[in-house]
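So our numbering is basically just the index in the sequence shown, starting at one, shifted up by 12. Glycine included, C-beta positions come from ideal geometry on N, C-alpha and C.
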Amino acid sequence: MSDLPRKAVTRTAKLAALPLGFAGRATWGLGKRIVGESAELVGRELQQRTADQMFKVLGELKGGAMKFGQALSVFESALPEEVAGPYRAALTKLQEAAPPMPTRTVHAVLAERLGEDWRELFAEFDDKPSAAASIGQVHRAVWQDGRAVAVKVQYPGAGEALLSDLTQLSRFARLLGPLVPGMDIKPLITELKDRVSEELDYGLEAQAQRAHAEEFADDPDVVVPDVVHQCDQVLVTEWIDGIPLSEIIADGTEEQRDRAGQLLARFLFSGPARTGLLHADPHPGNFRLLPGGPDDEEEWRLGVLDFGTVDRLPGGLPTPIGESLRMTLDSDAEGVYELLRREGFVKESIELDPDAVLDYLLPIIEPAEVDAFAFSRGWMRSQAARVADPRSPAYQLGKQLNLPPAYLLIHRVTLSTIGVLCQLGATVRLREELEEWLPGFVPEEEAPQESAAEA
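And the structure:
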């Protein structure tokens with residue numbers, strides 16, 4: 013018996029109650045205004061009640077509802093500050109925790125998948141979960157050989173719940189749109205649905221994690237725990253300690269924020285070049301900041317978790333991304349426009365002004381113009397407001413641009429990562445990472461040539 017609310021009618025009723033709840037609280041707020049309370053006080057209380065209900069429902073349902081909430085949480089920095097305050101705490105709760113499933117259900121899954129004598133595989137097993145996410149929860153344990161391990165157990169019925177929730181959420185995507193100014197919610201939900209089968213397949217996740225663990229085994233900056241054991245609905249990996257990025261966002265020092273931001277950017281851009289895979293779920297719950305390194309005990313390293321969602325890029329990130337970014341920085345309006353048209357960002361049936369396209373792109377790529385850029389919620393809000401205001405030229409031009417399917421996941425991962433960098437308030441040498449890892453960003457005549465020995 014699943015501990016997720018599996019019946020479609022039950023889950024649909026809970027999700028459908030969200031828009032009704034929004035309307036009910038608006039009526040409640042009007043009543044408070046009539047009896048004389050200030051608009052500011054009522055508005056703040058209304059926002060808090062809305063956030064509490066929305067993310068309580070998403071967290072309780074787990075499945076696709078929580079996956080959607082986690083995807084939204086990295087864009088919290090795009091919200092206006094007067095709205096972001098009440099929402100921030102509720103959003104970040106989804107990055108690290110969700111209501112756990114009962115111990116009896118965990119034991120039943122382990123017995124079914126690992127065998128009735130599953131306890132013999134472990135020297136110790138903690139029944140209390142250390143983390144709970146959208147499709148599974150993690151228990152700390154000690155493997156039979158003495159290694160500390162993380163045991164990820166998939167919720168029974170997780171696939172059914174994921175698809176049911178995301179289908180229902182797509183029906184009122186327009187209502188949810190204002191949560192993140194400048195972002196079209198419906199394609200996000202569609203893309204999440206497309207990834208469901210991959211994320212449920214712990215075999216694919218194990219392959220992706222093993223590939224990263226092997227590649228980053230001796231890396232001084234990035235730590236990827238190796239896979240210890242895998243079967244249907246259960247994934248056992250090496251345990252890593254560290255400070256969750258959500259805690260760094262809330263209470264980290266400037267040094268920790270900057271280091272976490274630099275390493276996050278480095279991992280995002282170096283991963284595809286080194287493994288042919290893009291980690292496609294960059295919310296803060298999937299990263300840890302670890303003290304100490306192989307050569308420097310005082311240096312922080314980045315621990316990376318959860319490889320359930322990846323984009324397979326055998327040749328690394330597409331070269332046109334680097335080329336278009338470089339040409340934009342060079343103010344080559346015609347070159348950028350022709351490349352965007354060739355790649356399908358501008359449909360053949362549409363004619364745009366190349367200079368207007370350049371003006372649209374320049375503010376977005378500002379972090380790549382300088383040696384070090386200070387990401388902030390203020391900068392993110394200004395970008396969101398610019399592309400979300402129907403009166404602005406940027407809004408009108410943005411509606412005419414097209415996002416080809418091949419770039420959809422890359423686009424979301426990049427936006428999500430920028431959202432996390434803004435939450436961190438990190439100063440990052442982004443240009444340095446682009447020059448090192450992004451194909452096409454450095455012209456071929458300037459790119460360092462391999463020596464004969466390296467070749």
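Item                                                                                                                    : Value
Contiguous beta strand (DSSP E) assignments of at least 3 residues, all confined to the region 102 to 173               : 134 to 144, 148 to 155 and 160 to 166
Burial state of Pro455, where buried means 16 or more other Cβ atoms lie within 10 Å                                    : exposed
6 Å Cβ shell around Glu211 - same chain, five flanking residues per side excluded                                       : Gly320 and Thr321
For Ser404 and Arg398, the rounded distance between their alpha carbons                                                 : 7 Å
For Gln242, three-class secondary structure by DSSP                                                                     : strand
Minimum length 3: unbroken beta strand (DSSP E) runs contained in the region 245 to 276                                 : 246 to 250
Same chain only: Cβ atoms within 7 Å of Glu108, ignoring 5 sequence neighbours per side                                 : Reliability of the predicted coordinates at Glu108 is poor, the pLDDT of 47 falling under 50, and the value obtained from them is presented with this limitation in mind. Taken in chain order, the residues that qualify are Ala143, Pro256, Ser258 and Gly297.
The alpha helix (DSSP H) enclosing Pro303, as first and last residue numbers                                            : Counting along the chain, Pro303 falls outside any alpha helix (DSSP H), though it belongs to the beta strand (DSSP E) covering Phe299 to Pro303.
Sufficient close CB pairs (3 or more, under 8 Å) joining the region 260 to 268 to the region 218 to 236                 : no
Nearest-angstrom Cβ-Cβ length linking Ser388 and His295, presumed shorter than 8 Å                                      : Not quite, the Cβ-Cβ distance comes to about 19 Å (not below 8 Å), so this is no contact.
Cβ-based neighbour list, Leu370, same chain, cut-off 7 Å, excluding 5 preceding and 5 following                         : Thr340, Ser343, Ala345 and Val348
Phe385 - partner residues in DSSP beta bridges                                                                          : Val440
Asp138 burial status per 10 Å Cβ neighbour count (16 or more: buried)                                                   : exposed
Proximity below 7 Å, CB of Gln156 to CB of Leu133                                                                       : yes
Where Gly431 falls: helix, strand or coil (DSSP)                                                                        : helix
C-alpha gap between Lys140 and Ala120, whole angstroms                                                                  : 15 Å
Under the three-state DSSP convention, the category Leu364 falls into                                                   : coil
Exposed unless 16 or more other CB atoms sit within 10 angstroms - verdict on Ser282                                    : buried
The region 445 to 454 in contact with the region 327 to 334 per 3-pair CB rule at 8 Å                                   : yes
Thr249 versus Glu227, Gln219, Gln274 and Asp270, residue with shortest Cα-Cα distance                                   : Gln219
Range covered by the alpha helix (DSSP H) that runs through Arg313                                                      : Not the alpha helix (DSSP H): Arg313 falls in the beta strand (DSSP E), residues Trp312 to Val316.
Three-state secondary structure assigned by DSSP to Val369                                                              : helix
Per DSSP, the bridge partner or partners of Asp323                                                                      : Leu290
Residues of its chain near Arg286, where Cβ-Cβ distance is below 7 Å and the 5 sequence neighbours each way are ignored : Glu227
Three-state secondary structure assigned by DSSP to Val236                                                              : coil
Residues near Arg222 by beta carbon distance below 8 Å, same chain, minus five either side                              : Asp238 and Val239
CB of Arg125 within 7 Å of CB of Val246, strictly                                                                       : yes
Buried/exposed call for Lys4, threshold 16 Cβ in 10 Å                                                                   : Nothing can be reported for residue 4: it is not among the residues displayed for the chain, which extend from 13 to 467.
For Leu436 and Ala471, the rounded distance between their alpha carbons                                                 : No answer is possible for residue 471: the residues shown for the chain start at 13 and end at 467.
Distance between beta carbons of Thr439 and Ala368, contact taken as under 8 Å                                          : That pair is no contact at about 31 Å.
Where Leu351 falls, given that 16 or more other Cβ within 10 Å makes a residue buried                                   : buried
Enclosing alpha helix (DSSP H) for Ser209 [first to last residue]                                                       : Val208 to Leu212
C-alpha distance - Val382 paired with Leu364, whole-angstrom precision                                                  : 28 Å
Ile422, DSSP secondary structure in three states                                                                        : helix
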